[in-house]
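Peer 1:
Residue numbers (the working numbering): 2 to 371.
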């Protein structure tokens with residue numbers, strides 16, 4: 002969907018999905034996005050104006066000219082920028098409402114009738130030379146419901162806030178799936194305490210591994226010993242700040258030779274380029290996919306855990322849709338308020354188009370695995 006495609010019928014349907022004109026008018030005034038009718042007659046017109054700028058490629062000056070030619074509004078590019086900045090909190094409210102709506106439609110995922118939620122984050126670079134040189138980014142933390150093929154949580158931060166597994170609210174009974182960044186013992190404990198389970202990929206040195214007697218478990222020695230079998234599935238405990246270690250389950254699957262060789266070549270090249278010496282333990286761990294989970298071994302055998310983790314591909318596809326199809330890229334300008342509004346407009350577009358994308362995923366590996 003682009004601003005050019007917003008014919009009257011399509012625009013009216015969009016307004017209805019966002020709650021209707023009356024609600025939008027009330028919220029725009031409540032959040033300070035729209036105060037009185039002057040250059041722009043109503044909040045709905047302001048929303049269309051903001052979306053046209055953020056979803057299009059015209060820039061502020063040409064968007065203002067387009068709005069006047071369309072009879073939508075008569076204002077300068079500076080006035081448009083001010084309205085954009087003032088709309089960020091309102092846009093966040095619209096995104097939140099669509100997320101609540103999609104979460105309400107969530108059906109049970111395949112994993113023994115339990116919902117599966119994928120957690121991950123993606124980033125877009127900040128504008129401005131200083132931010133580019135220092136690696137400044139806007140980070141979008143997300144949760145994606147596998148059954149409904151919908152995002153169910155978004156949180157926008159800058160690079161100062163990292164990825165944490167309990168950022169999105171926990172749905173009791175869910176299975177939360179994450180990559181290596183989410184192996185955080187204290188945070189994992191919080192998810193488990195809210196009646197959820199986890200499936201998280203692990204680094205060999207990402208936690209203090211303990212055995213049943215609370216003694217240190219030598220993970221690398223265990224992997225070496227298991228090379229012949231190619232599988233590990235055993236209880237494990239990890240040390241957290243709490244007094245008691247967290248009881249989990251260690252699942253490790255040795256990669257096929259071609260995949261092992263490719264991984265080792267990749268990390269060796271990266272270490273060489275960065276002038277670092279690889280630890281021997283890293284080369285051993287590179288042969289394996291290491292996962293920790295709280296799921297019961299009898300109910301969820303090793304192949305089920307492997308399948309659940311592989312389904313992370315779906316949130317990666319959703320992020321690609323957000324960036325390539327929706328067009329989310331570096332927000333223009335250096336002002337945090339306008340950058341936030343720009344990103345939120347694209348999240349809004351992603352949520353509006355998600356039902357259309359999901360219709361074309363009926364033959365996805367996710368649904369086959371279900």
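Glycine is no exception: its CB is placed at the ideal position from the N, C-alpha and C atoms.
Keep in mind the model is a prediction, meaning the values are calculated, not measured.
Based on Cα-Cα distance, which residue from 274, 298, 186 and 288 lies nearest to residue 229?
Peer 2: Checking every option, the nearest Cα to that of residue 229 belongs to 288.
Peer 1: What does the alpha-carbon distance come out to for the pair residue 181 and residue 13?
Peer 2: Going from the Cα of residue 181 to the Cα of residue 13 covers about 43 Å.
Peer 1: Are the beta-carbon atoms belonging to residue 148 and residue 171 less than 8 Å from one another?
Peer 2: No, these two residues do not count as a Cβ contact at 8 Å.
Peer 1: Please report the distance separating the alpha-carbon of residue 105 from that of residue 146.
Peer 2: Unreliable positioning characterises residue 105 in this predicted model, as indicated by a pLDDT of 42, which lies under 50. The coordinate reading is nonetheless provided below. Computed Cα separation, rounded: 11 Å.
Peer 1: Alpha carbons only, please: which of 124, 215, 209 and 213 is nearest the one belonging to residue 221?
Peer 2: Checking every option, the nearest Cα to that of residue 221 belongs to 209.
Peer 1: For the region 45-60 against the region 337-356, are there 3 or more C-beta pairs whose distance is under 8 Å?
Peer 2: At 8 Å Cβ cutoff, the stretches touch.
Peer 1: Run through DSSP, which three-state label would residue 217 get?
Peer 2: Residue 217: strand per DSSP, three-state reduction.
Peer 1: With distance defined between alpha-carbon atoms, name the residue in 188, 161 and 152 nearest to residue 168.
Peer 2: If we check each option's Cα against that of residue 168, 188 comes out closest.
Peer 1: With the cut-off set at 8 Å, would you say residue 166 and residue 199 are in Cβ contact?
Peer 2: Result yes, Cβ atoms of residue 166 and residue 199 sit closer than 8 Å.
Peer 1: Give me the residue from 324, 213 and 250 with the minimum Cα distance to residue 299.
Peer 2: Minimum Cα distance to residue 299 is reached at 250.
Peer 1: Quick check on the DSSP output: what are the complete alpha helix (DSSP H) runs of length 4 or more inside the region 177-243, in order along the chain?
Peer 2: Entirely contained in the region 177-243, the alpha helix (DSSP H) runs reaching 4 residues are, in chain order, 186-194 and 220-226.
Peer 1: From the DSSP secondary-structure annotation, give me the bridge partner or partners of residue 250.
Peer 2: DSSP lists 236 and 294 as partners of residue 250.
Peer 1: Where does residue 269 fall in DSSP's three states?
Peer 2: Residue 269: helix per DSSP, three-state reduction.
Peer 1: Tell me which residues share the same chain as residue 124 and place their Cβ nearer than 6 Å to its Cβ, disregarding the 5 neighbours each side in the sequence.
Peer 2: 138 and 140, listed in sequence order.
Peer 1: Using a Cβ-Cβ cutoff of less than 7 Å, which residues in the same chain neighbour residue 195 once the five nearest sequence positions on both sides are dropped?
Peer 2: Within the same chain, residue 195 has close Cβ partners 171 and 173.
Peer 1: State the Cα-Cα distance for the pair residue 163 and residue 156, rounded to the nearest angstrom.
Peer 2: Near 12 Å, if we compare the C-alpha coordinates of residue 156 and residue 163.
Peer 1: Rounded to whole angstroms, what is the Cα-Cα separation between residue 49 and residue 9?
Peer 2: When rounded, the distance between both Cα atoms is 11 Å.
Peer 1: From residue 22 to residue 45, what distance separates their C-alpha atoms?
Peer 2: Spanning the two alpha carbons is a distance of roughly 6 Å.
Peer 1: Would you please state the rounded distance, in angstroms, between the beta carbons of residue 291 and residue 238? I believe it to be under 8 Å.
Peer 2: About 15 Å; that fails the 8 Å criterion.
Peer 1: Could you spell out where the alpha helix (DSSP H) holding residue 319 opens and where it closes?
Peer 2: Element bounds for residue 319: 314-321.
Peer 1: Would residue 142 be called buried (16 or more neighbouring beta carbons within 10 Å of its own) or exposed?
Peer 2: So residue 142 counts as buried.
Peer 1: Specify the secondary structure class of residue 264 as computed by DSSP and reduced to three states.
Peer 2: In the structure shown, residue 264 sits in a helix (DSSP, three-state: H, G or I).
Peer 1: Roughly how many angstroms separate the alpha carbons of residue 80 and residue 25, rounded to a whole number?
Peer 2: Roughly 21 Å between the two C-alpha positions.
Peer 1: Which partner residues does residue 119 have in the DSSP bridge list?
Peer 2: Its beta-bridge partners are 145 and 178.
Peer 1: List the endpoints of the continuous beta strand (DSSP E) containing residue 382.
Peer 2: No statement about residue 382 is possible, as the shown extent of the chain runs from 2 to 371 and does not include it.
Peer 1: Using a 10 Å radius around the Cβ and a threshold of 16 neighbouring Cβ atoms, would you call residue 101 buried or exposed?
Peer 2: Label assigned to residue 101: exposed.
Peer 1: In whole angstroms, what is the alpha-carbon distance linking residue 73 and residue 260?
Peer 2: Roughly 56 Å separates the two Cα atoms.
Peer 1: Residue 84 and residue 120 - do their beta-carbons sit closer together than 8 Å?
Peer 2: No.
Peer 1: Classify residue 352 as helix, strand or coil using the three-state DSSP reduction.
Peer 2: Helix.
Peer 1: Quick check on this structure: which residue in 351, 335, 355 and 353 has the alpha carbon closest to the alpha carbon of residue 159?
Peer 2: Checking every option, the nearest Cα to that of residue 159 belongs to 335.
Peer 1: According to DSSP, simplified to helix, strand and coil, what is residue 4?
Peer 2: Its pLDDT being 41, under 50, residue 4 is placed unreliably in this model, and the value from its coordinates should be taken loosely. Helix.
Peer 1: Rounded to whole angstroms, what is the Cα-Cα separation between residue 154 and residue 91?
Peer 2: Answer to the nearest angstrom: the Cα atoms are 17 Å apart.
Peer 1: Tell me the DSSP secondary structure of residue 124 in three-state form.
Peer 2: Reduced to three states, the DSSP call for residue 124 is strand.
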